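What follows is a single structure, written as structure tokens, with notes after it.
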Amino acid sequence: MSIKILNEENRIILRTKNTMYVMEILYGKYPVHLYYGRNQKNPELTFENHYCAFSPYYDEHGTKFSPDTAMMEYPFFGMGDFRASALRLYDSVGGTNITDFVFRKAKKFRGRPDLGGLPAAEGASETLELIMDDPVTRAELHLYYTLFPASDVISRSFMIKNKGKGDLELEKAMSLALDIPKGDYDLISFQSTYPHERAMCREPIYQGNRRIVSRRGSSSHHANPFFMIVDRKATETRGDAFGFNFVYSGSYLDEIEKDQNGMIRAMVGLGEESFHYLLKPGESFTSPEAVMSYSSKGIGELSRNFHRFTKNHILKESPYPLRPVVLNSWEAFYFKINEEIMVDFAKGAAECGMDMVVMDDGWFGSRRNDRAGLGDWTPCPELFPNGLGAFIKRVQDTGVKFGIWIEPEMINPDSDLYRAHPDWVISCEGRDRMLSRHQMILDMANPDVVQYLKDSFDKCFEGIRIDYFKWDMNRNMSHAVSPYLPPERKRESAFRYMLGVYELYRWLLERFPGAMIENCSGGGGRFDLGMMSVSTQIWTSDNTVPEDRIFIQYGTSFGYPASVMSCHVANRRSEATDPRRMDFGYAVALGGPLGYEFNILKVSDEVKEKMKQQIRDYRRYEKLILNGDLYRLKSPYEDGCYAYYYAKPDNTELLVYYLQVKGDPKQRTHKLKIANAIRGVTYRDTRSGLEVSGDDLRRGLMIQADKDDAYARIFHFTLYGSSLKY
Ligand code: GLA
Numbered sequence: 003m004s005i006k007i008l009n010e011e012n013r014i015i016l017r018t019k020n021t022m023y024v025m026e027i028l029y030g031k032y033p034v035h036l037y038y039g040r041n042q043k044n045p046e047l048t049f050e051n052h053y054c055a056f057s058p059y060y061d062e063h064g065t066k067f068s069p070d071t072a073m074m075e076y077p078f079f080g081m082g083d084f085r086a087s088a089l090r091l092y093d094s095v096g097g098t099n100i101t102d103f104v105f106r107k108a109k110k111f112r113g114r115p116d117l118g119g120l121p122a123a124e125g126a127s128e129t130l131e132l133i134m135d136d137p138v139t140r141a142e143l144h145l146y147y148t149l150f151p152a153s154d155v156i157s158r159s160f161m162i163k164n165k166g167k168g169d170l171e172l173e174k175a176m177s178l179a180l181d182i183p184k185g186d187y188d189l190i191s192f193q194s195t196y197p198h199e200r201a202m203c204r205e206p207i208y209q210g211n212r213r214i215v216s217r218r219g220s221s222s223h224h225a226n227p228f229f230m231i232v233d234r235k236a237t238e239t240r241g242d243a244f245g246f247n248f249v250y251s252g253s254y255l256d257e258i259e260k261d262q263n264g265m266i267r268a269m270v271g272l273g274e275e276s277f278h279y280l281l282k283p284g285e286s287f288t289s290p291e292a293v294m295s296y297s298s299k300g301i302g303e304l305s306r307n308f309h310r311f312t313k314n315h316i317l318k319e320s321p322y323p324l325r326p327v328v329l330n331s332w333e334a335f336y337f338k339i340n341e342e343i344m345v346d347f348a349k350g351a352a353e354c355g356m357d358m359v360v361m362d363d364g365w366f367g368s369r370r371n372d373r374a375g376l377g378d379w380t381p382c383p384e385l386f387p388n389g390l391g392a393f394i395k396r397v398q399d400t401g402v403k404f405g406i407w408i409e410p411e412m413i414n415p416d417s418d419l420y421r422a423h424p425d426w427v428i429s430c431e432g433r434d435r436m437l438s439r440h441q442m443i444l445d446m447a448n449p450d451v452v453q454y455l456k457d458s459f460d461k462c463f464e465g466i467r468i469d470y471f472k473w474d475m476n477r478n479m480s481h482a483v484s485p486y487l488p489p490e491r492k493r494e495s496a497f498r499y500m501l502g503v504y505e506l507y508r509w510l511l512e513r514f515p516g517a518m519i520e521n522c523s524g525g526g527g528r529f530d531l532g533m534m535s536v537s538t539q540i541w542t543s544d545n546t547v548p549e550d551r552i553f554i555q556y557g558t559s560f561g562y563p564a565s566v567m568s569c570h571v572a573n574r575r576s577e578a579t580d581p582r583r584m585d586f587g588y589a590v591a592l593g594g595p596l597g598y599e600f601n602i603l604k605v606s607d608e609v610k611e612k613m614k615q616q617i618r619d620y621r622r623y624e625k626l627i628l629n630g631d632l633y634r635l636k637s638p639y640e641d642g643c644y645a646y647y648y649a650k651p652d653n654t655e656l657l658v659y660y661l662q663v664k665g666d667p668k669q670r671t672h673k674l675k676i677a678n679a680i681r682g683v684t685y686r687d688t689r690s691g692l693e694v695s696g697d698d699l700r701r702g703l704m705i706q707a708d709k710d711d712a713y714a715r716i717f718h719f720t721l722y723g724s725s726l727k728y
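The sequence shown: position 56 = 58 (our numbering), numbered continuously.
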């Protein structure tokens, strides 16, 4: 069994395939952390307290235990641990926000706890539950540790219940806290801006508090909740690496704090600035799930743990195991679409061997530009004189599937919906309403709003086969207040908003079981595990310039698998007139499920021919891209190129990429060591015919940089002339 509760020793041991997590219930009262790392048979672990002057202690145990200098399982505010706390609870009776939870019992059970309307990873093996009581507030706390052994992931969440007589207010809620022993560690995080999502950043962790945070009501373009803490010397293939993420799509807080002794506390949760929750007597609150993983074999292995976890436990099973190659109308026409244009577009897509057209923004209500119409989910009769159903049938009759863009959470002030329900908007009474992209946000904490959206989409798509939804979300939340909630619950608005969003996603999935959802938020502004639990893939970025995409896809690959990373070839820098650039755009877009953003009505026959070839080419390895294991070889930040490969688990098939960031006048040679290649066999590149032994691939595939920009090499190695049998 993976969870052992050793009552006599006051120890609890959790094991996944390669990792082990050990805690002790010190003096039978205080859960302290002993170890998280490589699996060991008989570890000798003893609790150590690195006592420092000025740290408080209980007289009973003296300086042998101070919550301020111990590795704590889950730290509380105000009880003698001066480091950042995981939980702060205001007690309206006593007037304080101090808690001193004491361990009561530990249980284990199969599967996982129910998180109510929150997204939750599926297929857990078992869960450890620690139950704790706070004698003064009479709150009861349940800490959950849920195991996903094959991915080496442990997830954490909590439930808190008010068993007292007065109101309690949850002021800070972190789902996960992990204390890491003293060491020299780096923080790797993914922060940037629109549209340069998930730019990788590695920095030393110094003493003090470092926060990665979103207060935007969305996980955001600007800071992804995923982060790693790695040994200063850790590389792709070597060193200790811890990774953390949040299964949630709203505002969050990642807190990393190095203390006076050099220990590091890592926490993930809803935080304190954008979150607050009232617990009346008898009420309870369940936190979102946060996840952690550890690898002793470096950053690459840690990434693969998260990829496996996301693919096996988070992502919805897609109605299309192999993803449709889509042609999207946005960059081709922006808002200038109508039935005839879209039908011709579909014919072009079919001619080039694509699977689907996606009709992007501009098809509904008065939405002829981004100033009007959001909220009015009725097809525009001028654009589709015979109705949406008749139009979509014409598209599907060309032989392609049909996808459609929606942005359910948003509303333009210039819309019938706003004129009818100005009170359905996230807004703060007495304060001016603010716009972003000319739009406001619907109050998804209000059940009437969610019901309105269900009814609208139900009616709009009644009797129509929709094969794909692109669900967009194009602004962040200011004045995060739900007019619907009573004053004492207003600070729950952003959290309850997310519950409404997840409910609508789940409804859409159930109502249109044949449709897959591609999630989007101005590109990759909500690229998180919460969204992945309700969609199949995510539009990685609005930025389709291949040189920029190299960095975006590189950063994204640290936490998320290729199968969610929707990638399109677009015509941003003359790709439609310069074959070299189009080849380059394609090589970069081969990083994930492929699509196009071309105005196919205007491109030359040569470009169409190229698309056909590219799609034929892509089909040969799409399975490997979607299901293979990723190995990064070169970093675009350090090496002038992004080189990586996808490998079939048995290594009989390898797809190797060399993507040059820009021209290299020195034409340096790069050595790509394909460590997964099998010794003693010959591989053949199905693209060029090149034959090379597995041993030579392991020694290194030599690639000479090109002096010009827009240069890429792709190799698809399969076994050839081998004596091995498969
Ligand atoms: C966002 C998306 C784009 C497109 C537009 C439409 O910016 O990221 O792909 O759908 O909205 O308005």
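We treat Cβ as the ideally placed atom computed from N, Cα and C, and that holds for glycine.
Values in this document were obtained by computation on a predicted structure and should not be read as measured data.
- For secondary structure counted as the alpha helix (DSSP H) over 4 or more consecutive residues, the segment 316-356 holds these complete runs in sequence order: 332-335 and 341-353.
- Judged by their CB atoms, I190 and M176 are not nearer to each other than the 8 Å cut-off.
- The C-beta of V95 has fewer than 16 other C-beta atoms within 10 Å across all chains shown, which makes the residue exposed.
- Relative to the Cα of N211, the nearest Cα in the group D181, I5 and I258 belongs to I258.
- R583: not part of any beta strand (DSSP E); member of the alpha helix (DSSP H) spanning P581 to A591, first to last residue.
- Collapsing the DSSP output to three states places D256 in a strand.
- Partner residues in the beta bridge of I231, as assigned by DSSP, are L189 and F244.
- Contact annotation: the segment 373-390 does not touch the segment 351-359, with fewer than three C-beta pairs closer than 8 Å.
- Of L419, E128, S484 and I408, the smallest CA-CA separation from D445 is found for S484.
- Relative to the ligand GLA, the nearest heavy atom lies less than 7 Å away from the CB of W407.
- Taking one beta carbon from each stretch, the segment 378-391 and the segment 421-432 have fewer than 3 pairs nearer than 8 Å; the two do not touch.
- Distance from the CA of N476 to the CA of G526, rounded to the nearest whole angstrom, comes to 11 Å.
- Not one heavy atom of the ligand GLA is found less than 7 Å from the C-beta of G300.
- The Cβ atoms of L172 and Y279 lie closer than 8 Å to each other.
- The residues F560, in chain order, have a CB closer than 6 Å to that of S305 in the same chain once the five nearest residues on each side in sequence are set aside.
- DSSP, read as helix, strand or coil, puts W365 in coil.
- Taking a 10 Å sphere around the C-beta of K349, we find 16 or more other C-beta atoms and assign the residue as buried.
- Sixteen is the threshold: when 16 or more other Cβ atoms of the shown chains lie within 10 Å of the Cβ of K260, as they do, the residue is buried.
- Per DSSP, the continuous beta strand (DSSP E) segment holding D181 begins and ends at L170 to I182.
- Relative to the ligand GLA, the beta carbon of C382 is positioned no closer than 7 Å to any heavy atom.
- Straight-line measurement puts the Cα of S153 at about 20 Å from the Cα of M567.
- Beta bridge pairing from DSSP links R212 with I258.
- A Cβ-Cβ contact shorter than 8 Å links F719 with V658.
- Residue range P548 to S559 is occupied by the alpha helix (DSSP H) that includes P548.
- When DSSP reads this structure, D93 sits in a beta bridge with T98 and L170.
- For N164, no alpha helix (DSSP H) encloses it; the enclosing beta strand (DSSP E) starts and ends at V155 to N164.
- Taking 3 residues as the minimum length, the beta strand (DSSP E) runs contained wholly in the segment 274-304 are 279-281, 286-288 and 291-297, in order along the chain.
- Around R582, the same chain offers A712 as residues with beta carbons nearer than 7 Å, after the five sequence neighbours per side are excluded.
- In the three-state DSSP reduction, M436 falls in the coil class, being neither helix nor strand.
- The beta carbon of C522 sits closer than 7 Å to at least one heavy atom of the ligand GLA.
- Look at N678 here: in three-state DSSP terms it is coil, with no helix or strand label.
- With 16 or more other CB atoms across the displayed protein chains lying within 10 angstroms of its CB, T288 is buried.
- Two segments are said to touch when three or more pairs of C-beta atoms, one from each, lie closer than 8 Å; by this definition the segment 335-350 touches the segment 587-606.
- Rounded to whole angstroms, the gap between the alpha carbons of E275 and S222 is 16 Å.
- Secondary structure within the segment 369-440: the alpha helix (DSSP H) runs of 4 or more consecutive residues, fully enclosed, are 390-399 and 418-422 (chain order).
- G241 has its CB no nearer than 7 Å to any heavy atom of the ligand GLA.
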